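Protein chains: 2
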Amino acid sequence: MRTPQVDRGTGLPERVRIYEVGVRDGLQNEKNLVPVEVKAEFVRRLEQAGIEVIETTSFVSPKWVPQLADAGDLLDRLGESGRSPHRPVLVPNMKGLERALERGVTSIAIFGSATETFAQKNLNSTLESQFDMFAPVVEKAKAEGLWVRCYVSMCFGDPWEGDVAPSQVVEVAKRLMDLGCDELSIGDTIGVATPGQVEEVIDGLVEAGIDLDRIAVHFHDTYGQALSNTLTALRKGVTIVDSSAGGLGGCPYAKSATGNLATEDLLWMLHGLGIETGIDLPAMVETSMWMSEQLGRPSASSVVRALGTAS
Amino acid sequence: MRTPQVDRGTGLPERVRIYEVGVRDGLQNEKNLVPVEVKAEFVRRLEQAGIEVIETTSFVSPKWVPQLADAGDLLDRLGESGRSPHRPVLVPNMKGLERALERGVTSIAIFGSATETFAQKNLNSTLESQFDMFAPVVEKAKAEGLWVRCYVSMCFGDPWEGDVAPSQVVEVAKRLMDLGCDELSIGDTIGVATPGQVEEVIDGLVEAGIDLDRIAVHFHDTYGQALSNTLTALRKGVTIVDSSAGGLGGCPYAKSATGNLATEDLLWMLHGLGIETGIDLPAMVETSMWMSEQLGRPSASSVVRALGTAS
Chain S
75 MRTPQVDRGT GLPERVRIYE VGVRDGLQNE KNLVPVEVKA EFVRRLEQAG IEVIETTSFV
135 SPKWVPQLAD AGDLLDRLGE SGRSPHRPVL VPNMKGLERA LERGVTSIAI FGSATETFAQ
195 KNLNSTLESQ FDMFAPVVEK AKAEGLWVRC YVSMCFGDPW EGDVAPSQVV EVAKRLMDLG
255 CDELSIGDTI GVATPGQVEE VIDGLVEAGI DLDRIAVHFH DTYGQALSNT LTALRKGVTI
315 VDSSAGGLGG CPYAKSATGN LATEDLLWML HGLGIETGID LPAMVETSMW MSEQLGRPSA
375 SSVVRALGTA S
Chain W
75 MRTPQVDRGT GLPERVRIYE VGVRDGLQNE KNLVPVEVKA EFVRRLEQAG IEVIETTSFV
135 SPKWVPQLAD AGDLLDRLGE SGRSPHRPVL VPNMKGLERA LERGVTSIAI FGSATETFAQ
195 KNLNSTLESQ FDMFAPVVEK AKAEGLWVRC YVSMCFGDPW EGDVAPSQVV EVAKRLMDLG
255 CDELSIGDTI GVATPGQVEE VIDGLVEAGI DLDRIAVHFH DTYGQALSNT LTALRKGVTI
315 VDSSAGGLGG CPYAKSATGN LATEDLLWML HGLGIETGID LPAMVETSMW MSEQLGRPSA
375 SSVVRALGTA S
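Which chain is which? The protein sequence lines are S and W, in order.
This note's numbering numbers the first residue of the first sequence as 75 and each following residue consecutively.
This note's numbering numbers the first residue of the second sequence as 75 and each following residue consecutively.
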């Protein structure tokens, strides 16, 4: 299988940690329910390919996201792996945290909003009251010794509000981090960002006192911009990148929802740049081809399509 | 129609000139013949959207590329516009140049190879003898007052040879430019490049004495890398970018051929970065949606898909 020609780029990190979101963020948007054993096998194959951090599921109410009603069952099937600090689960609120703790989870993610409208529509909260909602969740999680990531969504544009001021993103992110979170993931939920915005937001976060090594970027590829925005973040010193095997996923709230940055497309760039990831690209391509078969449709990843059809 | 939020990126040019290749490079790879009047209308719509430079066709032998047998007819239909210095045509050899001159063409492009195998397969020449083949073509074109671009293909990887040394690319490019060409386009024909290679090749070209303002980049999106490579070239000071309306095109020699960088995806990034192009993005999206209808399949451009389906 072809591999990228290695030429080291200037001003880039030596190592990048990929935070794989395909199992949770990807599959939660599937119209058809994916059997829990397929999800478990997906996680095992990603582990085999060398992915270190995998967000496995979400303890959201099954009323809202029936695709994730199997959260506890999935963790049980994964055994020890499902309780590793490298297998975070999303928890929307205290009830979700309690369910996660019952299953022995050791790391979680919460999901905040950079905009008022998305806070109302997705969190059933307000921009301001989300901090009160998340404070006891983070407090309890930290008291239980958990690792906590906070996502901030709609950081570069909002389907209802349009433009989003970088200063607003920085303020929301800072207040969420100040609750005691360990890691921040800045999300371009609808895929509209361009590199100048990425620079401005990252600069703002660093100026606000958030360490670069706690900042992750999370780009969607709706407008084809995910990889160049990621490259921009790497040049700024970011070393944690969210991506999704095969480009699975999307935002159910955006009409033309398309997936997250594909892990394989990201790996092609990183490995071509001589950046270490610890991940085996051919094994990832095979995993995504297998997942494509399970879902009955072609992969959204360009690399998977290119290498999967070549012999 | 949604437009990108503008945030100026650092170290980037103020203006970029897009060299539109969709009409020639794009349509020459269509399985079905596209009617000449559709091609003419495509050019007119691109002009209306503000595209300054459009490569219209190729005077290649109809035996080899029947899709372009209508080259002369197309130029006649375009009238004065088809003879503008901003409407280059590809000529593979002296015979092609003569046919172009008969139609009153005022700018041409030649198509060289950075690798031995592609020179043999595509040019029916060798890496070395291509210079002898192109020398009289460029000489005659310059004597007739024409503007001449030279493409160099397979600059970042070759389907048969694998890796390509940047030093080899620079040498081929320098020798072709020394024949008297006005502009150079560095092509990633199979879409495998990553940013370190792009930096190394551009640095090498500049060190070899080729002015930055004569260098264009031409990326294919087969592995999803086109836009981040383009961004890398812009950061190096390149201001001419080849792209294709709707991402039309591909390389007939690569199994998993996919298109050129889509003009609309490039425009989204450039306009988000506050870089001037003189092009109207919504008009481009409409043009590509119209062309999609003519071809009977969805656009390969993420921006066209995102904006074309949103109301």
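Yeah, the Cβ is synthetic: ideal placement off N, Cα and C, and Gly gets one too.
Values in this document were obtained by computation on a predicted structure and should not be read as measured data.
Item, Value
"Leu197/W versus Glu245/S - alpha carbon distance", "58 Å"
"Cβ neighbour criterion (16 or more within 10 Å) applied to Gln305/W", "Checking the sequence shown, residue 305/W turns out to be Leu, not Gln. Label assigned to Leu305/W: buried."
"Beta carbon of Val377/W nearer than 9 Å to that of Ala336/W", "yes"
"Any chain S beta carbon closer than 9 Å to Trp234/W", "no"
"Nearest neighbour of Lys248/S, chosen from Arg223/S, Asp232/S and Met363/S [CA to CA]", "Arg223/S"
"Short CB-CB distance (under 9 Å) between Gln79/S and chain W", "yes"
"Chain W contacts from the segment 272–298 of chain S (Cβ-Cβ distance under 8 Å)", "Glu273, Glu274, Asp295, Thr296, Tyr297 and Gly298"
"Chain S within 9 Å of Ser199/W, Cβ atoms only", "no"
"In DSSP terms, what Arg91/S is bridged to", "Ile314/S"
"Cβ-based burial, Gln102/W [other Cβ within 10 Å; buried from 16]", "buried"
"Partner residues on chain S for Phe133/W, Cβ-Cβ distance less than 7 Å", "By Cβ distance, chain S contributes nothing, its closest Cβ being about 31 Å from Phe133/W, past 7 Å."
"Test: Ser362/S CB closer than 9 Å to a CB of chain W", "no"
"Minimum Cβ-Cβ distance from Gly261/S to chain W less than 9 Å", "no"
"CB contact flag (Gly392/W, Gln299/S, <9 Å)", "Any question about residue 392/W goes unanswered here, given that chain W covers just 75 to 385."
"Closer than 8 Å at the beta carbon, the chain W residues around Met343/S", "Thr268, Pro269, Gln299 and Ser302"
"Distance, Ser227/W Cα to Glu115/W Cα", "29 Å"
"Endpoints, alpha helix (DSSP H) assigned at Arg371/S", "Premise fails: Arg371/S is in no alpha helix (DSSP H) and is neither H nor E."
"Host alpha helix (DSSP H) of Ser241/S (start-end)", "Pro240 to Asp252"
"Cross-chain neighbours of Thr332/S in chain W, by beta carbon under 8 Å", "Ser376, Arg379 and Ala380"
"CB contact below 9 Å: Gly346/W versus chain S", "yes"
"Alpha helix (DSSP H) segments (min. 4 residues) lying fully within the segment 130–183 of chain W", "145–152 and 168–176"
"9 Å Cβ cutoff, Gly231/S in contact with chain W", "yes"
"Cβ-based burial, Arg89/W [other Cβ within 10 Å; buried from 16]", "exposed"
"Extent of the continuous alpha helix (DSSP H) to which Phe192/W belongs", "Glu190 to Leu197"
"Between the CA atoms of Leu142/S and Val97/S - distance to the nearest angstrom", "10 Å"
"Range of the contiguous beta strand (DSSP E) that encloses Val222/W", "Trp221 to Ser227"
"Chain-ordered chain W contacts of Gly83/S [CB-CB under 7 Å]", "Pro269, Gly270 and Glu273"
"Contact set for Ile284/W: own chain, Cβ-Cβ below 8 Å, skip 5 residues either direction", "Ala247, Lys248, Met251 and Leu258"
"Length of the line joining the Cα atoms of Val163/S and Ala380/W", "30 Å"
"Residues within the segment 110–124 of chain W neighbouring chain S, beta-carbon criterion of under 8 Å", "none"
"Cα-Cα separation, Val315/W to Ser155/S", "47 Å"
"N-terminal and C-terminal residue of the beta strand (DSSP E) that Glu293/S is part of", "Residue identity differs from the one stated: residue 293/S is Phe in this sequence, not Glu. First-last of the beta strand (DSSP E) with Phe293/S: Ile289 to Phe293."
"Best match in Ser366/S, Ser373/S and Thr351/S for proximity to Ala123/S [C-alpha to C-alpha]", "Thr351/S"
"Residue range of the unbroken beta strand (DSSP E) whose run includes Ile260/S", "Glu257 to Asp262"
"Below-9 Å beta-carbon distance, Arg89/S vs any chain W residue", "no"
"Min CB distance Pro372/S to chain W below 9 Å", "no"
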